[in-house]
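One point on numbering: in this note's numbering, the residue at position 91 of the sequence shown is 1137, and numbering is uninterrupted.
Note that beta-carbon positions come from the ideal geometry of N, C-alpha and C, so glycine has one too.
Computed from a predicted structure; not experimentally measured.
Presented below is the structure to which this report refers.
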Amino acid sequence: MGALESDRLTQGPEVDAFEKEFAKAVEAPYAVSFSSGTAALHAACFAAGVRPGKTVATSALGFVASANAPRYLGAQVHFVDIRGDWNMGMADAGGAYALIPVHFAGFPHNSLFRMWFGGVVIEDACHALGTRTQDGPVGNCANSDFTCFSFHPSKAITTGEGGMVTCRIKANVKKLRQFRNHGFKLSRGWFRDQAELGMNYRLSDIHAALGRSQLVKLPQFIERRREIAERYQDELEGVVKLPPSDPHHAWHLFVIRHPERNRVYEALRKQGIICQVHYRPIYQNTFYKHTGSKCPNAEAYFAECLSLPIFPSLTDAEQTKVIKAVRDVV
Ligand SMILES: *Cc1c(COP(=O)(O)O)cnc(C)c1O
C-alpha cells in the first residue's frame, strides 16, 4: 500500500530497496531492475557491447528472448546444442563475442564459463532464481559479467512483469541504468543529455513493492517446488523418463519425456491438466530458419518433452490427479 500512496510511483524508494535486497539475496554487488526479463537481457547485451558484426552464442533450447536480445542490437546468433543436463555445451561457442548460457528449467549450469570462454558471459537465469552452482548463488556473477532474471508470473517470484540484471562492475551499473531510461546520462538538476539510444524499460515502484514482498517468500517457494519435484520423481520412476536432478535445482519446470508425447499431452489436457511443451528449438521458428542450425540433442529432447504442473500453490490432491493421469495414459 505504501507504494500506491507515495508521490513517487516510479523509480522511487521501492525500486532502490528492491534492487538492494535482491542483490543481497543472490550475493551480487549490484542489481538493476527492468520492466521484464526480456528488457533485462536486452540491456545486458547493450552494456556488454553487443552490436552489428558481432556473434552471440546461446542455447538452442530455451525461450526465444535469449536469442532475440542480441538480435535487437543487430548481432548474429549462433545456436549451441544441449548436453545431458539439458544446458548448452561449451565446446562449440569458441568464436563468439558473447555467450548467453541458460540455466535450463532451474538446473544449475555448473560450467566454469570463464575457463572455457574468453568473451563476455551473460547468464540467462530466468528459470534459476534460488539455484546455486559450485560458485554460490546463481546471480552472484562469480563466473560471468551479467546475470538476468525475470519476474513473470510463471517464474520463482513475480512482480506481474519485471526483470533484474546483476553485475560486479560499477561502470556496468551506469550503462544499465542509462539504457533503461532512454539513454539519458545520470545527472543533477534540470539538465539532461541523451548520450545513447536507450529504451523506457523502468520498473515502477508499485511493481518493486510487490517484488520485495515476494522475495521474502523465495525460500519457501523453492522448498515447495522441490517437494513437488521429489514426489513426481518417486511416483513416476519407471513410468516415464525423468528429468536430470541436482540438490540445488530450482525446479522452474518439471519435464518428463515420452516417445508418444502428443498422446500424453492430449490425455492430460482432456482432464483439464495444464501441461505444456518447453521448448521447440529456437532456430525452428520462422524468424530463425535462415540460420540453418541443426542441434540433434535439442531436437531429440523436443520430440519427447512435456512439462507437468509445478508451482508452489499446486495442492497434493491436484498432484495426485496429475500422477494418476500420467500413469493411466502410459
Ligand atoms: C521468462 C524468460 C525470459 C523472458 O522474461 P520476460 O520477463 O517474460 O520478458 C527469458 N529467458 C527465459 C529462459 C525465460 O524463461
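Asked: Are the beta-carbon atoms of residue 1323 and residue 1376 separated by less than 8 angstroms?; Found: no
Asked: On a Cα-Cα basis, can you pick out the residue from 1245, 1179, 1204 and 1306 that is closest to residue 1295?; Found: 1179
Asked: Would DSSP call residue 1209 helix, strand or coil?; Found: strand
Asked: Does the separation of the CB atoms of residue 1300 and residue 1289 fall below 8 angstroms?; Found: yes
Asked: Would you check if there are 3 or more beta carbon pairs closer than 8 angstroms linking the region 1141 to 1148 to the region 1102 to 1111?; Found: yes
Asked: Examine ligand 1 and report whether any of its heavy atoms sits within less than 7 angstroms of the Cβ of residue 1104.; Found: no
Asked: Ignoring anything shorter than 4 residues or poking outside the region 1095 to 1119, list the alpha helix (DSSP H) runs there in chain order.; Found: 1111 to 1118
Asked: Say whether the region 1076 to 1084 touches the region 1202 to 1216, bearing in mind that this needs 3 or more beta-carbon pairs closer than 8 angstroms, one atom from each stretch.; Found: yes
Asked: Pick out the complete beta strand (DSSP E) segments inside the region 1189 to 1247, 3 residues or longer, and give them in chain order.; Found: 1192 to 1196 and 1209 to 1213
Asked: Looking only at C-alpha atoms, which of 1086, 1124, 1108 and 1116 sits nearest to residue 1340?; Found: 1124
Asked: Would you call the CB atoms of residue 1090 and residue 1168 closer than 8 angstroms?; Found: yes
Asked: Taking residue 1413 as part of the alpha helix (DSSP H), name the residues at either end of that continuous run.; Found: Missing from the structure shown is residue 1413; the chain here goes from 1047 to 1376 and no further.
Asked: List the whole-angstrom C-beta distance separating residue 1267 from residue 1202, where the pair is believed to meet the contact cut-off of C-beta under 8 angstroms.; Found: 6 angstroms
Asked: Going by C-alpha distance, which of 1050, 1056 and 1157 is nearest residue 1248?; Found: 1056
Asked: DSSP beta-bridge partners for residue 1144?; Found: 1102 and 1166
Asked: When you compare the region 1180 to 1200 with the region 1233 to 1241, are there three or more beta-carbon pairs, one atom per stretch, that lie closer than 8 angstroms?; Found: no
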